[in-house]
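Worksheet: the structure to be examined is printed underneath.
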Amino acid sequence: MLSVGASVYYRPRDRAVHADAAHAAFARGSAGDHGALVAVFRGWADAGFSTQWCYEHYVQARSMKRARDVREQVLGLLERCEVELRSNPEDGDALRKAVTAGYFYNVAALQRDGRYKTVKKPQTVHVHPSSALAQAQPRWIVFHELVLTTKEYARVASEIKPDWLVDVAPHFYSRKEVEAQAVKKLPKSLGKAAGKEGG
Numbered sequence: 001m002l003s004v005g006a007s008v009y010y011r012p013r014d015r016a017v018h019a020d021a022a023h024a025a026f027a028r029g030s031a032g033d034h035g036a037l038v039a040v041f042r043g044w045a046d047a048g049f050s051t052q053w054c055y056e057h058y059v060q061a062r063s064m065k066r067a068r069d070v071r072e073q074v075l076g077l078l079e080r081c082e083v084e085l086r087s088n089p090e091d092g093d094a095l096r097k098a099v100t101a102g103y104f105y106n107v108a109a110l111q112r113d114g115r116y117k118t119v120k121k122p123q124t125v126h127v128h129p130s131s132a133l134a135q136a137q138p139r140w141i142v143f144h145e146l147v148l149t150t151k152e153y154a155r156v157a158s159e160i161k162p163d164w165l166v167d168v169a170p171h172f173y174s175r176k177e178v179e180a181q182a183v184k185k186l187p188k189s190l191g192k193a194a195g196k197e198g199g
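Under the numbering used here, the first residue of the sequence shown carries the number 1, and numbering increases by one thereafter.
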């Protein structure tokens with residue numbers, strides 16, 4: 001889903017409220033955008049890869065078809081390499097930990113002022129307004145990319161646990177630096193877990 005490049009969702013101005021509700025439904029309980037994207041793909045697959053389903057859920061059919069093509073190519077490669085496939089759709093932590101392993105450089109921690117700073121080369125970033133995490137403000141996030149508009153926005157973001165960084169990228173993160181970031185006190189209104197917020 002991340003490889004399609006274009007936005008998976010669309011939001012027509014005259015149906016913005018309906019589109020936002022449809023998109024929020026995919027994110028429910030996912031702790032971020034990566035789980036929501038998996039929910040979109042599963043919903044589309046369950047509907048028989050229907051273009052009508054995409055229309056009804058404000059999802060770009062062309063992006064979904066590209067994602068399906070990439071998925072089939074990857075599955076073919078894994079089969080040829082005799083890699084055993086195991087999937088547990090209920091394990092959101094495993095998905096987010098896998099994303100963290102691939103995008104370990106794109107990690108940011110919430111600061112006292114409510115903004116995020118990337119961990120290694122401190123840069124202020126903001127969660128993109130279209131993200132499932134836009135209102136949640138979890139303490140730690142992994143994101144797919146940065147987009148510069150009026151601010152530097154982290155697009156396609158999910159909540160992570162800081163100890164995952166040392167597990168998946170010990171060559172990049174030391175336990176000491178992660179713990180130093182993790183113990184920083186935040187105001188009570190900040191740093192709530194996204195899953196507890198329903199996002």
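For glycine and all other residues, C-beta sits at the position ideal for the given N, C-alpha and C.
Selection from Leu75, Asn106, Phe26 that minimises the alpha carbon distance to Val127: Considering only alpha carbons, the answer is Asn106.
Sort Pro122, Pro89, Ala98, Phe41 by Cα distance to His57 and report the nearest one. The shortest CA-to-CA distance from His57 to any of Pro122, Pro89, Ala98, Phe41 is the one to Phe41.
Can you tell me whether DSSP reads Lys176 as helix, strand or coil? Residue state, collapsed to three classes: helix.
Alpha helix (DSSP H) containing Tyr9: first to last residue? Per DSSP, Tyr9 belongs to no alpha helix (DSSP H) and is neither H nor E.
Give the secondary structure of Leu148 by DSSP, where H, G and I count as helix, E and B as strand, and everything else as coil. Reduced to three states, the DSSP call for Leu148 is strand.
Give me the Cα-Cα distance between Gly198 and Gln123, rounded to the nearest whole angstrom. Here the model assigns Gly198 a pLDDT of 39, short of 50, so the residue's position is not dependable, and the following value carries that caveat. Rounded to the nearest angstrom, the gap between the Cα atoms of Gly198 and Gln123 is 28 angstroms.
Nearest-angstrom Cβ-Cβ length linking Gln60 and Ser131, presumed shorter than 8 angstroms: Contact flag wrong, Cβ pair sits at about 17 angstroms.
Less than 9 angstroms between the beta carbons of Ala157 and Gly32, yes or no? Against a cut-off of 9 angstroms, the Cβ pair of Gly32 and Ala157 comes out as a contact.
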